[in-house]
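Residues 8 to 316 (the working numbering) make up the sequence shown, in order.
We put the CB at the ideal spot given by N, CA and C, even for glycine.
Values in this document were obtained by computation on a predicted structure and should not be read as measured data.
First comes the structure, then the notes that go with it.
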Amino acid sequence: MILSCGEALIDMVPDTTANGTAAFVPHSGGAVLNTAVALGRLGVPSGFFAGLSTDMFGAQLMAHLDASHVSHALCPRSDAPSTLAFVQLVNGQAKYAFFDENTALRGLAPSDIPALPDDIDALFFGGISLAYGACADTYETMMTTAAATHVTMIDPNIRPGFIRDEAAFRARLDRMIAAADIVKLSDEDLAWLSGSDDIAPAARALLARGPKLVLITQGAEGATAYHASHEVFVPATPVDLSASDTIGAGDTFNAGALAHLHRAGALAKDALAAADDALLRGTLDLAIRAAAVTVSRKGANPPWASELD
Numbered sequence: 008m009i010l011s012c013g014e015a016l017i018d019m020v021p022d023t024t025a026n027g028t029a030a031f032v033p034h035s036g037g038a039v040l041n042t043a044v045a046l047g048r049l050g051v052p053s054g055f056f057a058g059l060s061t062d063m064f065g066a067q068l069m070a071h072l073d074a075s076h077v078s079h080a081l082c083p084r085s086d087a088p089s090t091l092a093f094v095q096l097v098n099g100q101a102k103y104a105f106f107d108e109n110t111a112l113r114g115l116a117p118s119d120i121p122a123l124p125d126d127i128d129a130l131f132f133g134g135i136s137l138a139y140g141a142c143a144d145t146y147e148t149m150m151t152t153a154a155a156t157h158v159t160m161i162d163p164n165i166r167p168g169f170i171r172d173e174a175a176f177r178a179r180l181d182r183m184i185a186a187a188d189i190v191k192l193s194d195e196d197l198a199w200l201s202g203s204d205d206i207a208p209a210a211r212a213l214l215a216r217g218p219k220l221v222l223i224t225q226g227a228e229g230a231t232a233y234h235a236s237h238e239v240f241v242p243a244t245p246v247d248l249s250a251s252d253t254i255g256a257g258d259t260f261n262a263g264a265l266a267h268l269h270r271a272g273a274l275a276k277d278a279l280a281a282a283d284d285a286l287l288r289g290t291l292d293l294a295i296r297a298a299a300v301t302v303s304r305k306g307a308n309p310p311w312a313s314e315l316d
């Protein structure tokens with residue numbers, strides 16, 4: 008099983024009613040929940056760990072996980088509210104306004120970290136859950152502890168406007184990246200983290216800090232996998248954004264990458280260290296094809312395995 012650890016929230020996505028009135032429609036989301044759901048839909052044993060609310064939105068999130076065959080058995084529940092993210096779409100690109108104070112997500116504490124079941128092969132971390140608060144410290148502790156015995160992956164999905172203490176956030180990411188086996192960043196995230204727009208040297212600098220594989224996405228151009236001995240680029244699948252959006256695209260990319268590694272029997276530290284071009288190309292190919300399906304429709308709606316056959 009792959010355990011995805013991070014936020015679950017409600018994306019309030021703009022739409023119109025039948026009479027043309029502007030409205031927001033609640034979609035289950037959150038970067039890490041989206042990855043867990045995409046993994047479940049791709050046929051990979053998938054679990055999710057986050058603080059979930061007992062409110063109506065928490066019930067919606069649990070039903071969404073159930074429908075995509077994702078276990079939430081390890082999730083602590085509380086009567087704190089669910090996090091809401093109101094979405095503004097600008098040329099198909101999503102911008103967010105978060106309502107996240109004193110929520111079930113933020114209240115996650117180190118005492119909530121579960122004993123990991125024996126069937127967990129890898130853990131995935133990321134998203135706004137790493138930005139600040141008790142949950143950020145909790146996920147860091149959980150990852151750095153698990154990294155000794157499990158494959159770990161991180162996608163920080165950096166949102167600068169959400170960061171309260173940049174120095175503390177950068178220090179946390181430094182520690183978590185050093186502990187990770189796989190790091191995924193968008194080109195924008197990499198530039199923010201490294202201070203450079205020169206992708207290849209910045210990605211290789213991350214490799215030098217400990218990860219075995221660094222995946223960098225470049226939007227409509229494609230993605231590159233950086234390994235200690237080689238690198239592989241795969242172009243993006245063209246998608247018409249006129250009637251869709253990019254919500255959940257990067258999250259689905261993460262799931263596609265992990266799904267291919269799982270199917271190839273490569274979710275092990277030694278296998279990742281020895282990854283060849285074929286493994287990296289297959290990893291990027293499934294990640295990109297899965298993300299393209301998500302981009303082709305509204306909201307974070309990852310594909311099922313049958314849609315990629």
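1. Would you call the region 81-96 and the region 10-22 in contact, with 3 or more CB pairs under 8 Å?
2. With residue 259 as the anchor, note down where its alpha helix (DSSP H) starts and where it stops.
3. Of all the options 298, 229 and 219, which has the alpha carbon lying nearest to the alpha carbon of residue 273?
4. Can you give me the C-alpha to C-alpha distance between residue 223 and residue 291, rounded to a whole angstrom?
5. I'd like to know if the region 169-178 and the region 147-158 are in contact, where contact means that at least 3 CB-CB pairs between them fall below 8 Å.
6. Which residue marks the beginning of the alpha helix (DSSP H) containing residue 140, and which one marks its end?
7. Would you identify the three-state DSSP class for residue 238, choosing helix, strand or coil?
8. Taking residue 62 as the reference, give the member of 42, 46, 21 and 110 with the closest Cα.
9. Classify residue 298 as buried or exposed, calling it buried when 16 or more other Cβ atoms lie within 10 Å of its own Cβ.
10. From residue 229 to residue 217, what does the alpha carbon distance come to, in whole angstroms?
11. Can you give me the C-alpha to C-alpha distance between residue 239 and residue 8, rounded to a whole angstrom?
12. From the DSSP output, which residues share a beta bridge with residue 229?
13. When you compare the region 28-48 with the region 257-264, are there three or more beta-carbon pairs, one atom per stretch, that lie closer than 8 Å?
14. Under the criterion of a Cβ to heavy atom distance below 7 Å, does residue 156 qualify as lining the ligand FMN?
15. State the start and end residues of the unbroken beta strand (DSSP E) segment that holds residue 191.
16. Would the beta-carbon of residue 64 fall within 8 Å of that of residue 10?
17. Out of 33, 150, 13 and 27, which one is the CA nearest neighbour of residue 305?
18. Determine which residues share a DSSP beta bridge with residue 102 and list them.
19. Since I believe residue 81 is in contact with residue 68 (beta carbons under 8 Å), could you give me their beta-carbon distance rounded to a whole number of angstroms?
20. From which residue to which residue does the beta strand (DSSP E) around residue 34 run?
21. For a test of the three-state rule: what should DSSP assign to residue 136, helix, strand or coil?
22. How far does the beta strand (DSSP E) with residue 183 in it reach, from first residue to last?
23. Please give me, in chain order, every unbroken run of the alpha helix (DSSP H) with length at least 4 that falls completely inside the region 264-310.
24. Taking the alpha-carbon positions, what's the residue 241 to residue 35 distance?
25. Please classify residue 136: is it buried, with 16 or more other beta-carbons within 10 angstroms of its beta-carbon, or exposed?
26. Within 8 Å, do at least three Cβ pairs link the region 205-217 to the region 176-190?
27. In three-state terms, what does DSSP make of residue 316?
28. By alpha-carbon positions, which one of 311, 113 and 134 ends up nearest to residue 40?
29. The beta strand (DSSP E) with residue 72 in it runs from where to where?
30. Quick check: what's the CA-CA separation for residue 277 versus residue 236?
Once the coordinates are examined:
1. Counting C-beta pairs closer than 8 Å gives three or more between the region 81-96 and the region 10-22, which meets the contact rule.
2. 256-270 is the extent of the alpha helix (DSSP H) around residue 259.
3. For residue 273, the closest of 298, 229 and 219 by C-alpha to C-alpha distance is 219.
4. Those two C-alpha atoms are separated by around 10 Å.
5. Result no; under three Cβ-Cβ pairs closer than 8 Å.
6. Run containing residue 140: 140-153, per the alpha helix (DSSP H) assignment.
7. Three-state result, residue 238: strand.
8. The candidate whose alpha carbon is nearest that of residue 62 is 110.
9. Looking at its Cβ environment, which holds 16 or more other Cβ atoms inside 10 Å, residue 298 is buried.
10. If I take the Cα positions, the gap works out to 24 Å.
11. Cα-Cα distance, rounded: 27 Å.
12. In the DSSP output, where bridge partners are listed per residue, residue 229 has 242.
13. Output reads yes: the region 257-264 touches the region 28-48.
14. By its list of ligands, the structure shown contains no ligand whatsoever, and the ligand FMN lies outside what it can speak to.
15. Taken as a continuous stretch (DSSP letters only), the beta strand (DSSP E) holding residue 191 covers 189-193.
16. Contact flag unset, no.
17. Here the closest residue by C-alpha is 33.
18. As DSSP reads the structure, residue 102 sits in a beta bridge with 95.
19. The Cβ separation is near 14 Å, so there is no contact.
20. Here the beta strand (DSSP E) through residue 34 covers 29-36.
21. In the three-state reduction of the DSSP assignment, residue 136 falls in the helix class, which pools H, G and I.
22. No beta strand (DSSP E) contains residue 183, which is instead part of the alpha helix (DSSP H) from 173-186.
23. Runs of the alpha helix (DSSP H) inside the region 264-310: 276-280 and 284-302.
24. Each residue's Cα considered, the two are about 30 Å apart.
25. With a 10 Å radius around the Cβ and a threshold of 16 neighbouring Cβ atoms, residue 136 comes out buried.
26. With three or more CB-CB distances shorter than 8 Å, the region 176-190 counts as touching the region 205-217.
27. Three-state DSSP puts residue 316 in coil, outside helix and strand.
28. Of the candidates 311, 113 and 134, the one whose C-alpha sits nearest the C-alpha of residue 40 is 134.
29. First-last for residue 72: 63-74, but that is the alpha helix (DSSP H), not the beta strand (DSSP E).
30. Roughly 14 Å separates the two Cα atoms.
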